[in-house]
Every structure is written in C-alpha cells, then in structure tokens.
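Peer 1:
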Amino acid sequence: MSPETVATLAKIGVWLTALLSVAPAMLWFERRIPAFMQDRLGPNRVGPLGLLQGIADAVKFIFKEEFTPANADRPLFLLAPVLALIPALTTYLVIPFGPEVVIGGHSTKLVVIDSDSGVLLFLALASLGVYSLVLAGYSSNNKYSLMGSIRASAQMVSYELALTTAVVCALIPAGTLNLAEVVDYQRAHLWQAISQPIGMLVFLVAAFAETNRLPFDLPEAESELVAGYLTEYGGLRWAMFFMGEYMSMTTLSALFVTLYFGGWSLPFVDFSGLSGLVQALIGFTVLAAKIAAMLFLFVWVRWTFPRFRYDQLMRLGWKALLPLAVLQLVATAALTVGGVL
Amino acid sequence: MELAVFVLFGLAALVSAALVVAHRNPVYATMSLVVTLVSTAVLFVLLGSPFLAALQILLYTGAILVLFLFVIMLLNIGRERSSGARSPAQTWSAVILALLLAGSLGRLVWDAHKDSEAPPLDATFVSLRGLSEQLFSSYLLPFELIGLLLLVAVVAASWLARRHEEDEPEVAAPSPEDRP
Chain A
115 MSPETVATLA
125 KIGVWLTALL
135 SVAPAMLWFE
145 RRIPAFMQDR
155 LGPNRVGPLG
165 LLQGIADAVK
175 FIFKEEFTPA
185 NADRPLFLLA
195 PVLALIPALT
205 TYLVIPFGPE
215 VVIGGHSTKL
225 VVIDSDSGVL
235 LFLALASLGV
245 YSLVLAGYSS
255 NNKYSLMGSI
265 RASAQMVSYE
275 LALTTAVVCA
285 LIPAGTLNLA
295 EVVDYQRAHL
305 WQAISQPIGM
315 LVFLVAAFAE
325 TNRLPFDLPE
335 AESELVAGYL
345 TEYGGLRWAM
355 FFMGEYMSMT
365 TLSALFVTLY
375 FGGWSLPFVD
385 FSGLSGLVQA
395 LIGFTVLAAK
405 IAAMLFLFVW
415 VRWTFPRFRY
425 DQLMRLGWKA
435 LLPLAVLQLV
445 ATAALTVGGV
455 L
Chain B
13 MELAVFVLFG
23 LAALVSAALV
33 VAHRNPVYAT
43 MSLVVTLVST
53 AVLFVLLGSP
63 FLAALQILLY
73 TGAILVLFLF
83 VIMLLNIGRE
93 RSSGARSPAQ
103 TWSAVILALL
113 LAGSLGRLVW
123 DAHKDSEAPP
133 LDATFVSLRG
143 LSEQLFSSYL
153 LPFELIGLLL
163 LVAVVAASWL
173 ARRHEEDEPE
183 VAAPSPEDRP
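Protein sequence lines, in the order shown, are assigned to chains A and B. Residue numbering for the first sequence is 115 to 455, as defined by this note's numbering. Residue numbering for the second sequence is 13 to 192, as defined by this note's numbering.
(1) Kindly list, in the order they appear in chain A, the residues whose Cβ is closer than 7 Å to that of residue 62/B.
(2) Roughly how many whole angstroms lie between the Cα atoms of residue 66/B and residue 144/B?
(3) I need the straight-line Cα distance from residue 23/B to residue 113/B, nearest angstrom please.
(4) Which residues in chain A have a C-beta closer than 7 Å to the C-beta of residue 74/B? List them in chain order.
(5) Identify the contact partners of residue 66/B in chain A, using a Cβ-Cβ distance below 7 Å as the criterion.
(6) Is it true that the CB of residue 264/A sits closer than 9 Å to the CB of residue 86/B?
(7) Using a beta-carbon distance below 9 Å, is residue 86/B in contact with chain E?
(8) Does DSSP put residue 191/B in a helix, a strand or coil?
(9) Assuming contact is defined by CB atoms lying nearer than 9 Å, are residue 233/A and residue 271/A in contact in what I supplied?
(10) Can you confirm whether residue 444/A, when its beta carbon is compared against all beta carbons of chain B, has any partner nearer than 9 Å?
(11) Taking Cβ positions, are residue 175/A and residue 353/A nearer each other than 9 Å?
(12) Which of the three DSSP states, helix, strand or coil, is assigned to residue 258/A?
(13) Assuming residue 296/A and residue 237/A are in contact, meaning their beta carbons sit under 8 Å apart, how far apart are those beta carbons, in whole angstroms?
(14) How many angstroms separate the CA atom of residue 476/A from the CA atom of residue 132/A?
(15) Taking only three categories from DSSP, how would you classify residue 221/A?
(16) Quick check: is the beta carbon of residue 286/A nearer than 9 Å to any beta carbon in chain B?
(17) Whose Cβ in chain A lies nearer than 9 Å to the Cβ of residue 144/B?
(18) Since residue 312/A and residue 441/A should fall inside the 8 Å C-beta cutoff, what is the C-beta to C-beta distance between them, to a whole number of angstroms?
(19) Starting from the C-beta of residue 145/A, find all residues in its chain whose C-beta is less than 6 Å away, skip the five residues before and the five after it, and write them out in chain order.
(20) At what residue ranges does the segment 344-396 of chain A contain a whole run of the beta strand (DSSP E), taking only runs of 3 or more?
(21) Can you give me the C-alpha to C-alpha distance between residue 253/A and residue 214/A, rounded to a whole angstrom?
(22) What does residue 347/A touch in chain B if you count any residue whose Cβ is under 7 Å from its own?
(23) Let me know the secondary structure DSSP gives residue 454/A once reduced to three states.
(24) Whose Cβ in chain B lies nearer than 9 Å to the Cβ of residue 267/A?
(25) Please state whether DSSP places residue 180/A in a helix, a strand or coil.
(26) Determine the burial state of residue 190/B: buried for a count of at least 16 other Cβ atoms within 10 Å of its Cβ, exposed for fewer.
(27) Using a 10 Å radius around the Cβ and a threshold of 16 neighbouring Cβ atoms, would you call residue 74/B buried or exposed?
(28) Just the Cα atoms here: how many angstroms apart are residue 152/A and residue 414/A?
(29) Using C-beta distances below 6 Å, list every residue in its chain close to residue 33/B, excluding the 5 sequence neighbours before and after it, in chain order.
(30) Could you please give me the residues that DSSP links to residue 216/A through a beta bridge?
(31) Is there a Cβ from chain A that is less than 9 Å from the Cβ of residue 168/B?
(32) Cα separation between residue 274/A and residue 241/A?
(33) Is the Cβ of residue 24/B closer than 9 Å to any Cβ of chain A?
(34) Please confirm whether residue 44/B has its beta-carbon closer than 9 Å to some beta-carbon of chain A.
(35) Answer with yes or no whether the minimum CB distance from residue 106/B to chain A is below 9 Å.
(36) Mind checking if residue 248/A is an interface residue toward chain B, Cβ cutoff 9 Å exclusive?
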C-alpha cells in the first residue's frame, strides 16, 4: 500500500474508534450528569461508578427479540436504522484535527478529505439523515410513528435553512469552504464565536433541532406520540438509531467547534515545533475536549429546558432563527468587505 | 478502481432510474430516485467536481425529495392501480417523444466522440472558484433572474397558504352553552 493509503486508513481508524466509543460514553453521561444535577446517585452498580452500565445495556440490546410488526413495510423497516448511521459514519471525513504534519518522513494533512468543498460535503451527507426518520415512520404503519416522522422531516428541513445560513456566515471571513483553512483563519485572528456571536447562537440552537434533542425532540415526544418514529423499534435496531443520534451530535459538535471555537487549535499556543505525531495527538485531544464540552452542553440543556410546542418550534425556526442568521450574514459580509474581519 | 466505481454507480443510476418509472409504490419510486441522484453525484466526483456532487445531494436528495416523501405520506397515496384509461394516442405520443429525446442525446454523445477523445474539462472551470466567477460575471443576469423567479414562487406560495378571511368566513367556535 502506498503511504497515502496508509495515512488515510489511519486517520479514518482514529475517527471511527473515537466515534464508536461516543455512544457508550454518552449512555453513562446522560444518566450520571442529570443524577448529579438532581442530587441523586444514578446507575452505580455495574462496575466502578457504574462505568460498565453501557456494556450491560449493549448485551441487553443484542439479546432482545427482533420484532417486526405484521403490517410493517418490511424492506423499508429494516433499511431505516441502517440509514441512520450514514451521516454519522461519513461526515467526520471533512473535519480537520491538526495541521499539516510530517510523520515517518511523509507529509500529510490531518484531515481525511482535504476538499475545496468540505463544508458542503458535510452538509450534504448530514442532510441524508432525515431519510431514516421518514422511512422509519412510514414503514412502521402506525399513526404515532407517522406523526413523528412528519414532524421530524418538517423540523429538520426548516432548521437546515438557519443552520446553513449560519455556516455561510462563518465561512465568509476566511473566504473558503475548506474547514482546515477556516481553522487557520481563526489561528491568525480571533475565534469566530467572538466575532460572530449571533451566527454562533443560531447554529447552536439549530443543531439541537437537527439532532432532535430536547427541547426540540417533538418527533419522539413521549407524552404525545409514545416514541414517535421509534415506537415499533426495539433491540439492536433501536440501538442503531440511538448510536446514529449520538454520533450525529458528535459530528455536528465537531463542525460547530471547528467553525466557531478554533477547531483543533488553542489560542496563543503554537505546537508547530513539536514532532508530527505529538502534534497530531495534541490536535485530536484538543478537538475531542471541545466536542466533549459541547456534548455536556447537550445533556445540560436536555435536563434544564422543557419541550417546546410544535407551533412554537416552527415559529422559532422560521421567524426568529432564519432572520437572525440573515442579519448575521449581512453584518459579516459588510464587515468583511470593510476590512474589519 | 476509477472504472469499477464508474461502472458500479453508473449501473446503480440506470437501474434505479428504471425503478422510479416502473415501481407501483410511490415511496419506493421516490427512494429509487434518491439512489439515482446519489449515484450521479458520485459520477460528478469522478468527473472532478465534488462541488456539484455536494450541491446535488444537498438540494435534491436532502431537501426536494424529502418534501416529495412528505407529501406522499401526508396524502397517504397507496399503490398505483392501473386505471385502464390510457388511450393509444397517449401511449404513442409518449413513445415518440422518448425516442426523440434518446435520439438527440445519442446524437450529442456521438458528435462529441466522433472525431477524437473529448478534451478533458478545464479543472478551473468546474472548481468552486471558477464556477462562482462565471456565475457572478458572465451569467449574472440569468442568475439574478432565476433568483427573482424563485422569489415570485415563494410569494405566491405564501399567498396561497394564507387564510383568506374575506372569502370564507371562519366557522365560529362552539360556545360553552352549545355543548350537550
């Protein structure tokens, strides 16, 4: 194999290992953090501090009966959970986790696909995620599932507009769609969270809606819809949706910190004197720490805010977030042309 | 490698395109269209334009076809049943139009390859920067006109969606005394 192939496979391997361990880790956080917030213990029986609870849950998923409703559309019913993993397993390809480094005599950029249309590839692959929800709801042949997936598709398409506009704002000052260059811009200037606070907030709120997290988890609102599009799923198939959701949260957080919080870089610190492997390690650790902070925010918000009503959700998306994003777009474009940013 | 990818996704595009027309269940037909569009996006990548590929997936599969599915699910359209109402004139005009289209497309491909290998596309032209420069300089007027057209469509859609109170008086909500 050529060194390029080895490098690419190694980079994909690093990402996949990290992403696949997110779901069990989040399973633990999602129970222990709220337990801490509500002054109770949470699961603490399996292993030290309950750390092995995720493995116990995985075993439970594997041995649960695989159940398909009699009137379900079987091919689509089986396809939907697989589709849930597509955006999760592809979008990380364009997220940079370090500068161009020399490892073992070969120079390589620490990003799997170094493309001029990197952000667009991310958004395109992420937009395929809605199919799993729509098909899950349709194929289950159940009114709660259908209601859930209709809500999900409307919600995701609506919030994608605000999210994409916010992404465009973050790209204007750097003048590129290549995420590695956006990070370079922030190393030379400021974190864009400081220069574009409105765009940052719009992206943040839209990210909650895009991943169907509370306070925007209307598609699976249990008080109204049993479990929305997930109603008929159990065992490993349900676990695939679950993993897809957590991995999408992770990749979207990665995009968020790359656009607004400097990605793999730290302000005022320069590692470029260190050896290539150390630089790669530091870059990946910094990015992972920033993503972990975002994931903590996801959990924090979930246990802090009540669920929105559906009309409030739509009003927020179209009448608040989208105009705000456009406002940020005009402001950023003016400031960039004026030479301020 | 490149050839294998081309053959695989080219075939996928053709088969799924045939399924779009042939399948009787509208949801399956829509999903076949998704496969067609994603496969052609892969072909765009092979042609050296990941930008077009990303746009194709983002706009068509990510937005428009989701709305197709949305409408199909909302209207609860079942399997298509053959109505038997198709007249011979309809069938024949469809066949003739399809042959005309296939003929003109074939002619174009033939003309391009008749003399020599087609020259490779200029890489700067299909790149993001090249494409945007063309779009905002040579093709500025068509670009703005298309934007205007979309704006008109948005205004029309929101006008249609608005409730017209003067046309149809709202049904008064039943007062508490009316209830049994």
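Where is the CB? At the ideal position from N, CA and C, for every residue including glycine.
Peer 2: According to the structure data:
(1) 229, 231, 235
(2) 15 Å
(3) Computed Cα separation, rounded: 20 Å.
(4) 238, 241, 242
(5) 231, 234, 235, 238
(6) A contact, by the Cβ cut-off of 9 Å.
(7) Here the protein chains are A and B, and chain E is not one of them.
(8) Residue placement at residue 191/B is poorly supported in this model, since its pLDDT is 47, which falls under 50; the coordinates still yield a value, given next. Coil, per DSSP.
(9) no
(10) no
(11) yes
(12) The DSSP-derived three-state label of residue 258/A is helix.
(13) Not confirmed; about 14 Å, so no contact.
(14) As displayed, chain A neither begins before 115 nor continues past 455, which places residue 476/A out of reach and without an answer.
(15) strand
(16) no
(17) None at all; the shortest Cβ gap to chain A is about 10 Å.
(18) 7 Å
(19) 156, 157
(20) none
(21) 46 Å
(22) The contacting residues do not exist; residue 347/A stays about 18 Å from chain B at best.
(23) Here residue 454/A sits in coil by DSSP.
(24) Here the neighbours are 78, 79, 81, 82, 85.
(25) The answer is coil: DSSP assigns residue 180/A none of H, G, I, E or B.
(26) Confidence at residue 190/B is low in this model, with a pLDDT of 49, below 50, so the placement of that residue should be treated as unreliable; the coordinate-derived value is given next. Result: exposed.
(27) Buried, because 16 or more other Cβ atoms sit within 10 Å of the Cβ of residue 74/B.
(28) 12 Å
(29) none
(30) Beta-bridge partners assigned by DSSP to residue 216/A: 221/A.
(31) Residue contact with chain A for residue 168/B: absent (no Cβ-Cβ distance below 9 Å to any residue of chain A).
(32) Each residue's Cα considered, the two are about 8 Å apart.
(33) Judged by the 9 Å Cβ criterion, residue 24/B is not in contact with chain A.
(34) Answer no: the Cβ-Cβ gap between residue 44/B and chain A never drops below 9 Å.
(35) Cβ-Cβ to chain A under 9 Å: no for residue 106/B.
(36) yes
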